[in-house]
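Before any comments, here is the structure.
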Amino acid sequence: MKCKICKANAVVALRSHNAAFCGPCYKAFFARQVIRGIESQKLFTHEEKILVALSGGKDSLSLMLELARQGYDVTGLHIDLGIPGSSAAARGVVERFCATHDFRLIIRETGAEGLPIPLLKERLHRPICSVCGKIKRYIFNRVALEGGFDALATGHNLDDEVARLFSNTLRWDSAYLSDQGPRLEGECGFARKVKPLWRLTEFETANYAFLMGIEHHYAPCPYSPGASFTTLKGILQRLEAAMPGRKLDFYQGFLQRGRSAFARCIAEKGMELAPCVECGYPTSSGDLCGVCRIRAALREDT
Ligand code: AMP
Ligand code: FES
Ligand code: ZN
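Its first residue numbered 837, the sequence shown is counted upward by one per residue in my numbering.
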């Protein structure tokens, strides 16, 4: 198979784009998709400061490298969850990656914040991954605001986004549907959140990481070995195989025509946000925010 652009031998074939590419032309294709993703949704500009959440996985590391290549002002943020047998390896990968490329890196440890994940798993009678997700979002937000960053970028890709959209649609969850997309506004004490890889699939990002020689850490959460949305991602994969391009169409159609309808219905209902009395984080669920309630539950249990 020949590269669609330069006719050299192709190394990657993409049915959804009806194209094959050699290594250099594939990197250029990937860069173009990131540029379109950023510009079409007005995610951020070259004048803004971007905090990139780095888990150590291929998506977030590829995102960081590509944004830096495009001349964006990026700083990495890694949250060390303190999970034995997993977190140290992820942190090591992120630290080596940032040292190799001379990227600024901020590290936060949930343990140092009084929120060690293994202890929370033992003590709280709630699904640990949702507790962990809440704590990560809390720390992302705080570091972004305290550091004066304009946006917090995560490595979510098209497969993550489409699976989440499909899941929200199956439940017709209007609150979540109104709040999904590659750009969530920064307001009321929340930093702007962006997902610049929203046009690229997991396969496409994996190819980029491979061609760029990115060492990454493959580790699904040890407390929940199945990655999130595994079943839905499998169904969507079969749909994509039968109808190439359908995933991107579904998601883009939602952004163009679906989301605004749900946003209106939520605006009509109204949602009151007030600062948490302990830490000031915006919350809609009473005096304490979710993370301060986790802290309180931990205190009660000790
Ligand atoms: P996940 O929910 O694990 O698929 O992660 C989605 C995105 O969240 C990743 O691409 C990262 O940008 C970010 N992320 C997840 N875990 C961490 C972490 N421990 N530290 C920093 N960023 C993270
Ligand atoms: Fe962090 Fe499962 S404990 S994602
Ligand atoms: Zn709080």
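Idealized CB from N, CA, C, for every residue including glycine. Owing to the predicted nature of the structure, the values given are computational and were not obtained by experimental measurement.
* Asked: For ligand 2, which residues have a Cβ under 6 angstroms from at least one heavy atom, in chain order?
  -> That gives L917, I953, I964, C965, C968, C1057, Y1059 and S1060.
* Span separating the alpha-carbon of L994 from that of P952 -> Between L994 and P952, the C-alpha separation is close to 31 angstroms.
* What is the DSSP secondary structure of G928, reduced to helix, strand or coil? -> The answer is helix: DSSP assigns G928 an H, G or I state.
* Considering only heavy atoms of ligand 3, list every residue whose Cβ is less than 5 angstroms from one of them, following chain order. => With 5 angstroms as the limit, the residues whose C-beta approaches a heavy atom of ligand 3 more closely than that are C1112, E1114, C1115, Y1117, C1125 and C1128, in chain order.
* Asked: Looking at T990 and ligand 1, is the gap between the Cβ and the nearest heavy atom below 7 angstroms?
  -> Closer than 7 angstroms to some heavy atom of ligand 1: that describes the Cβ of T990.
* **E902 - DSSP class collapsed to helix/strand/coil** => DSSP places E902 in helix when its eight states are reduced to three.
* Helix, strand or coil: which one does DSSP assign to L850? -> When DSSP states are grouped into helix, strand and coil, L850 belongs to the strand group.
* Asked: From this set, I1071, V967, W1008 and F1090, which residue's C-alpha is nearest A1133's C-alpha?
  -> Considering only alpha carbons, the answer is V967.
* **Runs of beta strand (DSSP E) wholly within the region 900-983 (minimum 3 residues, chain order)** => The qualifying runs are 909-916 and 940-945.
* Asked: Under a three-way DSSP split, which group does K840 fall into?
  -> Under the three-state reduction of DSSP, K840 is assigned to coil, being neither helix nor strand.
* Asked: Would A1055 pass as a contact of A925 if the rule is Cβ separation under 8 angstroms?
  -> In contact: A1055 and A925 (Cβ atoms closer than 8 angstroms).
* Asked: By the 10 Å Cβ neighbour count, where 16 or more other Cβ atoms means buried, how is D895 classified, buried or exposed?
  -> It counts as buried.
* Looking at H914 and ligand 1, is the gap between the Cβ and the nearest heavy atom below 7 angstroms? -> Taking non-hydrogen atoms of ligand 1 into account, the C-beta of H914 is found less than 7 angstroms away from one of them.
* Along the alpha helix (DSSP H) that carries R1028, what are the first and last residues, could you check? => Per DSSP, R1028 belongs to no alpha helix (DSSP H); it is in the beta strand (DSSP E), R1028 to V1030.
* If you draw a straight line from the C-alpha of H914 to the C-alpha of R1000, how long is it? -> As the crow flies, the alpha-carbon of H914 is around 23 angstroms from that of R1000.
* G1122: CB within 7 angstroms of a non-hydrogen atom of ligand 1 -> Outside the cutoff, so no.
* How many angstroms separate the CA atom of A864 from the CA atom of R1131? -> If you take the alpha carbons of A864 and R1131, they lie about 46 angstroms apart.
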